[in-house]
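Heads up, the thing below is written out as structure tokens.
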Amino acid sequence: MLVNGCSGPQSTLDPAGESAQKIAQLFWTMTAGAAIVWTVVVGLAVYAIKFNRGTHDVHQAGRYIIGGGVVAPTVVLTGLLIWGLALLPGLVAPAPADSLKIRVRGAQWWWRVHYQMPDIGGNVFEVRVADRQRSGRDSGIPESAAGSKPRDDAGPVAAPSAAEPGTRFFGLANEIRLPVNQPVQFYLESEDVIHSFWIPALGGKVDMIPGRQTRLTLVPTRTGVFRGACAEYCGTAHTWMNFYVIVMEQDDFSRWYRAQALPASEPLTPESTRGAELFLSSGCSACHTVRGTQADGTLGPDLTHVGSRVSLAAGVFTGGNPGQPSVDARDFSEWIADPARFKESVHMPRFGMLPDEDLRSLSVYLQSLK
Amino acid sequence: MNDRESPGEIPSQAQQEAQAARLLAAWKTPTGWRYWSSVNNSEVGWWYTVVAFCFFLFGGVLALIMRIQLAVPENDFLTAEQYNQFFTMHGSIMMFLFAVPVLEAISIMLLPEMMGARDLPFPRLSAYGFWCFLIGGVFVCGSIFFGASPQGGWFMYPPLTSSYQPGVGADIWLLGLAFIEIASIAAAVELIVGVLKCRPPGMRINLIPLYAWYILVVAGMILFAFPPLIAGDLLLELERAFDWPFFDPERGGDPMLWQHLFWIFGHPEVYIVFLPSIALIAMIVPTFAGRPIVGYSWVVLAAVGTGFLSFGLWVHHMFTTGLPGVSLGLFSAASQAVAIPTGIQIFCFLATLVAGKVTRSVPVLFVFGGLASFIIGGLTGVMVAIAPFDFQAHDTFFVVGHLHYVLIGGTIFPVIAGIYYYFPFATGRQMSERLGRVIFWIVFAGFNVTFFPMHWTGLLGMVRRVYSYPPGLGFGWLNLVSSVGAFVLAGGILILVFDMVYTRLRRPHSGRNPWNAGTLEWSYEVPDKPWGIRSIPEINGRYPIWDQPDLIRDIDQGRFYLADAEEGLRETMVTTTIDATPVQCLRVPGPSFLPFWAAVFTGGAFIFATFYLFAAALLSGIGATIVILVWLWTGTAVIPERPARDVGLGRTLPTYNSGSQAVGWWAMLITMLGDVTAFVSLVFGYFFYWTVHADFPPAGMAGPGWVWPLVAVILLSAAWWLTVQARKWNRQNRTTAFYGGLAVAVLFSLGGGVALLAGPWTCGMDPTRHVYPAIVWALVGWTAVHVGVGALMQLYCAARRLFGKMTDRYDADIMNVGLYWHFLGLTFLLTSAVVAVFPLLAKRGQEGLTP
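Chains as they are written, first to last, in the working numbering: chain A, 27 to 396; chain B, 851 to 1701.
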């Protein structure tokens, strides 16, 4: 029964990561302690109000102040503090240098995700030396090959275009896949307001703050599909800024990883070919990138392998089951026709003026981008 | 003279009646429409309390609508935008328009009576604060009916609120609430001076009622906690209105500065709200235990300790911002530490209950309910204070549950207990005991059903501030339970409101001191008289009514101080801070509409600025200045018709004091401590940018140079010196030197102000280009405005003497102005050092670092 009450794709009490596991343990212990403290104190109050017949003298009562007010809390809190803080270094330590590195940038109201290109060593992330010099934070950020860059150059869309020669990243959006039992290093940034990156089943959250880069280390410990959320209020559609994390066996992950790094597959059916043409002619490519085609917009999510994702529009479309999400072509056309219907104030314009058959072709094309 | 604690002779019946008639005439509450010109603490405190309670009900209705929206998944009862406005307003109203004001309101009503004073020292200031509160509150709340409410959350984090919410909402929040924060500070000044200076003779510092101790601590906290927020408001509004990039990382700003300023306010705020409620408990518990509090000194020390510690915890609201581990550990530890003084207070109350014999009644029931709930909030607070757990719980419904257990358990329950306890005091009528028990169980059940499941909801992953959620995540049913509970809770509150209104209108008067309490406020008469207390007694214990036999009778017979109002003036006693030895018979002003008009114009200045109508705002500000000057000119530091007055019991007290003996001087001192705190927050901003940037001031960016700042320092120092000298020349009646000195001082002040601004101006510092010029302009602008006010004060003093309103002996005005200039001196010296000297040092440091 207890197990059922704690489970869920977004539950902190159904841990699937090392950090979440440790914190859940901490929670249960603290809760048990809190229950004891509450029972004792409230029991004393009930006794004093209801059963006490005025037989206690002041000195005896005064001992409650010393014992209950000073000694007991000091001892308990010191113990708790030592134990709680002992967890801290493990939770905030950077992942080993050869770990998988993922950069996630929050934007209103979706997640731009960059993976390191497979089979290429070294690091691929820009570093803002100016940010960290004096404060000493983020001292573990790896240096980029290009050396330090002044922060002004970092630009709002510093995601390097995948078309450049020598690129060592590839981009996707609103979905993260991880190999089980491998530490992963996240680099977190924001493109507009403050967001907070949180995968409850794997571990704690870290804020994404404009002008800064924060880090998070996670180690998933079992496979499954987990839901992540933006935890910091970030404007009108904050509610609909979610994502999915899929933890896979190492082999499955490697397969997926290599596939994601590849350019988009060619459209195979007449309908999807037509969709590909519409994608360019209707203006989609102004904001979206489909690697391997002329579409290279960077304002919106990278759609190169959008058909392989389990949800659409940052977790809005899940096939009606947020625990086992799936997307079909109709979801695509509904979304494209009127995004604001599903996500108030969304920046993507509506394309409801397109004829239904165009919408269908576009959807089929996007769905085919596996 | 030797035995003042015993009352004086019993005046004859005829004498008593004549005295009472004169007192009544002096303290008569105006009738008809002039009723609203009242300034007496009983009226103002009552209005204040009622209005704050109305805002509470309004905030509660918003919460109910939100609970309807969240009752089922994917509900469309509200749009996202509406929901965002509702939760922003719910939090802001509950904090700024209810929790802080209601406790100040209750204190305004209660404190003078508790200390045997006729009124607070600055009745018109209370009235001004009330009208500001009403105008500002209605303005802020009203915005929701136009869909124009703020929607940045009650914490208003930029850059969301600076660059991504173009509507008027954020401006309403920043300016409307800054206006109310100023009113809160005004009330705090009033309450501090009230506790320190307006106690009854003999009430030494160790005999002060615990309530007054708590209010002293809380008012002190308001004084130091609100100014950083006001400084933050100023910076954020400057960014919104004029594009000064304080929080824009593209131009050197940093959104984290807001978080620091906000939470330096925001965490003490929790204790500002919580401690006065504990203060109510500290009054209720001894009464119903039938014995004095056990551990009086423990309670006082714990309250003071909580006040201090609460300023060192703010970072625990920022545990997930990627701070270094050392900070996390340090602030975790500090957050744990604050649980200890809180625990001490709770155990002092328990010890009192154990040592006494408890009379069970509705106030006790609500105190019990409050403790039982608050302890849960405290324990979950200890949990989230452990940084690792906070990584998960932060910004989820777990925290929503936690904070409502703290605030409802720690504030609403005690306040309801206080309503039951003090209703006879405020209205002369007692609320229903039977209905009270029913209300308690409904409210207690509704509260727990609403908020207890939220802990679970949060742990299952539901984040805060979402207007909807999909089905299938496991927390749908929990939300439904919470929504049902919310309506049960609201039902309980509704019955409570009904019984309050019914009791006020229909129930008969209850007897005097119905709870058989021991503190002085229970000496009021039924029905109450407007004079506060018939005669001001000499006190020798913490529970005078218990300790001093026949005290109430002796008070009534006018056998103590100030039993008469021979001149028909409103008078109360001023005593020394530590020993409460009488030092002055203070004349306090009577009814006036000036505070109302001052509040209208002040409100106009803020409200017009909200809509960027700066010309209208400026005019309104000038109007406010003029009304306030008239108010000061006609109503303050009035030269008395005779220098001293026989106050009874063979004691004669001066009717006028100046310098540190005067309440006005204390008010200036306390106000300026708050003012300097806001200024220091701006300086903190400057150095914050220095810590986050490798080079600050940025290389190649012009600073204000050192020439103009130096000129400013020279001129302003001269003006400062002349102002201090003028005090002396006034005493010595050296009129030429006095007028000449002040005239030159005004010129130097104006010249110094211009020189301050000339620094960044002549060096072409563009505040929209980068945060460095922006913060420099903010500092010199702040200082220049204060210099302008200082010059106005110098002129005011010269005019006062010219028109015979100030003399060599009656010189409170210039004493206070001198004090203002001391703080101004600190301000301009620090400003010049920061903007002119620091860049030189920083540059030297940089050069030293680079080989």
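For every residue, glycine included, the Cβ atom is placed at its ideal position computed from N, Cα and C.
Residue i to residue j span [Cα, whole Å]
{"i": "Asp40 of chain A", "j": "Thr247 of chain A", "result": "12 Å"}
{"i": "Ser1196 of chain B", "j": "Gly997 of chain B", "result": "Just to set this straight, residue 1196 of chain B is Ile in the shown sequence, not Ser. Between Ile1196 of chain B and Gly997 of chain B, the C-alpha separation is close to 43 Å."}
{"i": "Trp1483 of chain B", "j": "Ala1576 of chain B", "result": "19 Å"}
{"i": "Trp1571 of chain B", "j": "Gln239 of chain A", "result": "51 Å"}
{"i": "Ala864 of chain B", "j": "Gln1407 of chain B", "result": "11 Å"}
{"i": "Gly1311 of chain B", "j": "Ala1455 of chain B", "result": "44 Å"}
{"i": "Trp1306 of chain B", "j": "Leu214 of chain A", "result": "28 Å"}
{"i": "Gly1631 of chain B", "j": "Phe1534 of chain B", "result": "16 Å"}
{"i": "Ser942 of chain B", "j": "Trp1004 of chain B", "result": "5 Å"}
{"i": "Pro1689 of chain B", "j": "Gly1453 of chain B", "result": "39 Å"}
{"i": "Phe936 of chain B", "j": "Val1250 of chain B", "result": "15 Å"}
{"i": "Val101 of chain A", "j": "Leu1046 of chain B", "result": "37 Å"}
{"i": "Asp179 of chain A", "j": "Phe1158 of chain B", "result": "The pLDDT assigned to Asp179 of chain A is 33, lower than 50, so where the model puts this residue is not dependable; a value taken from the coordinates is nonetheless given after this. When rounded, the distance between both Cα atoms is 44 Å."}
Cβ of residue i within 8 Å of any chain B Cβ
{"i": "Met143 of chain A", "result": "no"}
{"i": "Asp218 of chain A", "result": "yes"}
{"i": "Glu360 of chain A", "result": "no"}
{"i": "Tyr213 of chain A", "result": "no"}
{"i": "Ser161 of chain A", "result": "Note that Ser161 of chain A scores 36 on pLDDT, short of 50, meaning its location in the model is unreliable; the coordinates nonetheless yield the value given after this. Interface residue, yes."}
{"i": "Val84 of chain A", "result": "yes"}
{"i": "Val210 of chain A", "result": "no"}
Among the options, nearest to residue i - alpha-carbon criterion
{"i": "Ile956 of chain B", "options": "B:Gly1268, B:Ala1467 and B:Ala1183", "result": "B:Gly1268"}
{"i": "Ser45 of chain A", "options": "A:Leu228, A:Ala339 and A:Leu306", "result": "A:Leu228"}
{"i": "Met67 of chain A", "options": "B:Ser1223, B:Arg1437 and B:Ile1625", "result": "Note on identity: in this sequence residue 67 of chain A is Val, with Met being the wrong assignment. When only C-alpha atoms are compared, the closest one is B:Ser1223."}
{"i": "Val1067 of chain B", "options": "B:Pro1078, B:Leu1151 and B:Gly1103", "result": "B:Leu1151"}
{"i": "Ser1182 of chain B", "options": "A:Ala355, A:Ser216 and A:Leu106", "result": "A:Leu106"}
{"i": "Pro1380 of chain B", "options": "B:Arg1501, B:Thr1277 and B:Trp1291", "result": "B:Thr1277"}
{"i": "Gly230 of chain A", "options": "B:Pro1118, B:Ile1395 and B:Ala1243", "result": "B:Ala1243"}
{"i": "Leu920 of chain B", "options": "B:Ile1405, B:Met1304 and B:Val1477", "result": "B:Met1304"}
{"i": "His264 of chain A", "options": "A:Pro289, A:Val219 and A:Ala58", "result": "A:Val219"}
Counterpart residues of residue i in DSSP-defined beta bridges
{"i": "His1359 of chain B", "result": "B:Arg1279"}
{"i": "Val232 of chain A", "result": "A:Phe223"}
{"i": "Cys1435 of chain B", "result": "B:Met1423"}
{"i": "Thr1502 of chain B", "result": "B:Asp1496"}
{"i": "Lys24 of chain A", "result": "Missing from the structure shown is residue 24 of chain A; chain A here goes from 27 to 396 and no further."}
{"i": "Thr1246 of chain B", "result": "B:Val1313"}
{"i": "Ile202 of chain A", "result": "A:Val271"}
{"i": "Leu338 of chain A", "result": "A:Phe343"}
{"i": "Val251 of chain A", "result": "A:Ile272"}
{"i": "Ile133 of chain A", "result": "For clarity, residue 133 of chain A is Ala in the given sequence; the question names Ile instead. In the DSSP output, where bridge partners are listed per residue, Ala133 of chain A has A:Trp136."}
C-beta neighbour in chain A for residue i, strict 8 Å
{"i": "Tyr1007 of chain B", "result": "yes"}
{"i": "Val1684 of chain B", "result": "no"}
{"i": "Trp1023 of chain B", "result": "no"}
{"i": "Asp1616 of chain B", "result": "no"}
{"i": "Met1106 of chain B", "result": "yes"}
{"i": "Phe1263 of chain B", "result": "no"}
{"i": "Asp853 of chain B", "result": "Bear in mind that a pLDDT of 49 at Asp853 of chain B, under 50, signals an unreliable position, so the number given afterwards is only what the model happens to contain. Not one chain A Cβ lies under 8 Å of Asp853 of chain B."}
{"i": "Met1133 of chain B", "result": "no"}
{"i": "Met1304 of chain B", "result": "no"}
{"i": "Pro1016 of chain B", "result": "no"}
{"i": "Leu1151 of chain B", "result": "no"}
{"i": "Val1299 of chain B", "result": "no"}
{"i": "Asn1580 of chain B", "result": "no"}
{"i": "Lys1655 of chain B", "result": "no"}
{"i": "Trp1148 of chain B", "result": "yes"}
Any beta strand (DSSP E) of 3 or more consecutive residues that is wholly inside the stretch 266-334 of chain A: As far as the stretch 266-334 of chain A is concerned, its whole beta strand (DSSP E) runs of at least 3 residues are 268-274.
Those runs of the alpha helix (DSSP H) which lie wholly inside the stretch 913-960 of chain B and span at least 4 residues: 930-942
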